[in-house]
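Below is one structure, written out as structure tokens; the observations come after it.
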Ligand code: NDP
């Protein structure tokens, strides 16, 4: 992390690829920890919030200038001084954006095995944090009933595409928006009853025709949230998962907050980490087999090379990624 961005992060300035550091893989002291070769890294929208000045408080710690970024990742253990972990095991959790990492313990990591039908990348996407977000947030807050109408923004994205499919399995009519015609095609393929490109079609027109809505899964905030509130039923549930339209240029205030009480709306903000204890086992039991069987479909945008991380961070913030953004650092 090299410089705090003013708006969108700039590859090569906000973050730089530093090749000056080396590591002696055979002799570096582990001090009771693990030496990990990083295989795959997840690039997520929330990382923009960590590219900030340290005095600004938020729910995630800031990245430290001059140090490596960190994020969700999977690696293979090369050497271990941790009881129960052996060379060749795979670990998933928070990893530094480096080719090799020395982890002091398993505290931020779990040993994980993959199904032979799924690549490791999937365990950072629908079988990982983003799938957990969709499944856990929906189960906890949607109160979904068969026949209701749900609206999902960023419905072609990593979280949104899983929400869309879970809502369809629950028997709802699903309206979904995304920012390109290619993404609209994908949303239809995975079951959206109504899919539209919000850049070329007015969200209000769609919701006026296809709503009113009972559930809104919000990934974007801003004017889309305003429109969802306008076309929501009484007692509707709003699941505030994210507001990416505000991450780079500031959040837009809600236009008509009075709707919250006049429509008796239930607005639930959440962070996935707070739901893992309750839903972790159910998520694995219910979602992983459907990923293996192909019942749940997903898209990945896989980029090769650690040096590309800055470009991928920007792509996610600009919305040019199609599916879960992953950087492959090394093959096994
Ligand atoms: P995505 O794969 O959906 O990628 C981000 C997408 O956001 C882009 O592809 C783009 O899609 C859309 N986007 C970007 N800028 C804008 C904009 N200005 N207005 C509207 N849409 C925009 O990312 P994820 O699935 O990983 O994350 C989706 C949301 O979920 C984010 O808001 C994220 O912060 C949130 N999240 C929340 C968690 C929690 O615990 N609460 C955990 C994980 C994610 P398009 O082309 O459709 O515009």
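In full-length UniProt numbering, the protein residues as written are 39 to 370. Built from N, CA and C at the ideal position, the CB exists for glycine as well.
For residue i, which option in the options has the closest C-alpha, if you only look at C-alpha atoms?
{"i": "residue 372", "options": "96, 165 and 137", "result": "Residue 372 lies beyond the residue range present for the chain, which begins at 39 and ends at 370; the question has no answer from this structure."}
{"i": "residue 236", "options": "343, 227 and 192", "result": "192"}
{"i": "residue 196", "options": "369, 364 and 368", "result": "364"}
{"i": "residue 261", "options": "283, 249, 120 and 81", "result": "283"}
{"i": "residue 176", "options": "367, 314, 343 and 336", "result": "314"}
{"i": "residue 126", "options": "154, 105 and 72", "result": "72"}
{"i": "residue 45", "options": "200, 152 and 89", "result": "89"}
{"i": "residue 293", "options": "264, 274 and 280", "result": "264"}
{"i": "residue 310", "options": "162, 331 and 279", "result": "279"}
{"i": "residue 368", "options": "240, 103, 239 and 158", "result": "158"}
{"i": "residue 329", "options": "66, 153 and 80", "result": "153"}
{"i": "residue 238", "options": "219, 224, 223 and 232", "result": "219"}
{"i": "residue 62", "options": "133, 240, 242 and 140", "result": "140"}
{"i": "residue 78", "options": "132, 206, 319 and 272", "result": "132"}
{"i": "residue 246", "options": "66, 267 and 273", "result": "267"}
{"i": "residue 319", "options": "174, 98 and 155", "result": "174"}
{"i": "residue 308", "options": "256, 115, 85 and 99", "result": "256"}
{"i": "residue 285", "options": "57, 66 and 86", "result": "86"}
{"i": "residue 302", "options": "291, 162, 208 and 271", "result": "271"}
{"i": "residue 300", "options": "322, 291, 281 and 273", "result": "273"}
{"i": "residue 277", "options": "145, 243, 295 and 198", "result": "198"}
{"i": "residue 120", "options": "143, 99 and 100", "result": "143"}
If I'm right that residue i touches residue j with Cβ under 8 Å, what's the distance once you round it to whole angstroms?
{"i": "residue 190", "j": "residue 214", "result": "5 Å"}
{"i": "residue 68", "j": "residue 117", "result": "6 Å"}
{"i": "residue 75", "j": "residue 109", "result": "Between residue 109 and residue 75 the Cβ distance is about 16 Å, and since that is not below 8 Å, they are no contact."}
{"i": "residue 362", "j": "residue 338", "result": "5 Å"}
{"i": "residue 348", "j": "residue 50", "result": "6 Å"}
{"i": "residue 42", "j": "residue 91", "result": "6 Å"}
{"i": "residue 38", "j": "residue 234", "result": "Any answer about residue 38 is impossible in this case: the structure gives the chain only from 39 up to 370."}
{"i": "residue 229", "j": "residue 202", "result": "7 Å"}
{"i": "residue 253", "j": "residue 188", "result": "4 Å"}
{"i": "residue 135", "j": "residue 96", "result": "With 8 Å as the limit, residue 135 and residue 96 do not qualify as a contact, their Cβ atoms being about 20 Å apart."}
{"i": "residue 17", "j": "residue 128", "result": "Outside the displayed range of the chain (39 to 370) lies residue 17, so it cannot be described from this structure."}
{"i": "residue 248", "j": "residue 232", "result": "5 Å"}
Would you identify the three-state DSSP class for residue i, choosing helix, strand or coil?
{"i": "residue 224", "result": "helix"}
{"i": "residue 330", "result": "helix"}
{"i": "residue 179", "result": "helix"}
{"i": "residue 199", "result": "helix"}
{"i": "residue 300", "result": "helix"}
{"i": "residue 71", "result": "coil"}
{"i": "residue 190", "result": "strand"}
{"i": "residue 312", "result": "helix"}
{"i": "residue 138", "result": "strand"}
{"i": "residue 81", "result": "coil"}
{"i": "residue 276", "result": "strand"}
{"i": "residue 357", "result": "coil"}
{"i": "residue 268", "result": "helix"}
{"i": "residue 321", "result": "helix"}
{"i": "residue 148", "result": "strand"}
{"i": "residue 252", "result": "strand"}
{"i": "residue 86", "result": "helix"}
{"i": "residue 112", "result": "strand"}
So, is residue i buried or exposed, given that buried needs 16 or more other C-beta atoms within 10 angstroms?
{"i": "residue 183", "result": "exposed"}
{"i": "residue 53", "result": "buried"}
{"i": "residue 171", "result": "buried"}
{"i": "residue 82", "result": "buried"}
{"i": "residue 64", "result": "exposed"}
{"i": "residue 289", "result": "exposed"}
{"i": "residue 123", "result": "buried"}
{"i": "residue 352", "result": "buried"}
{"i": "residue 342", "result": "exposed"}
{"i": "residue 204", "result": "buried"}
{"i": "residue 259", "result": "buried"}
{"i": "residue 94", "result": "exposed"}
{"i": "residue 103", "result": "exposed"}
{"i": "residue 333", "result": "exposed"}
{"i": "residue 186", "result": "buried"}
{"i": "residue 216", "result": "buried"}
{"i": "residue 70", "result": "exposed"}
{"i": "residue 180", "result": "buried"}
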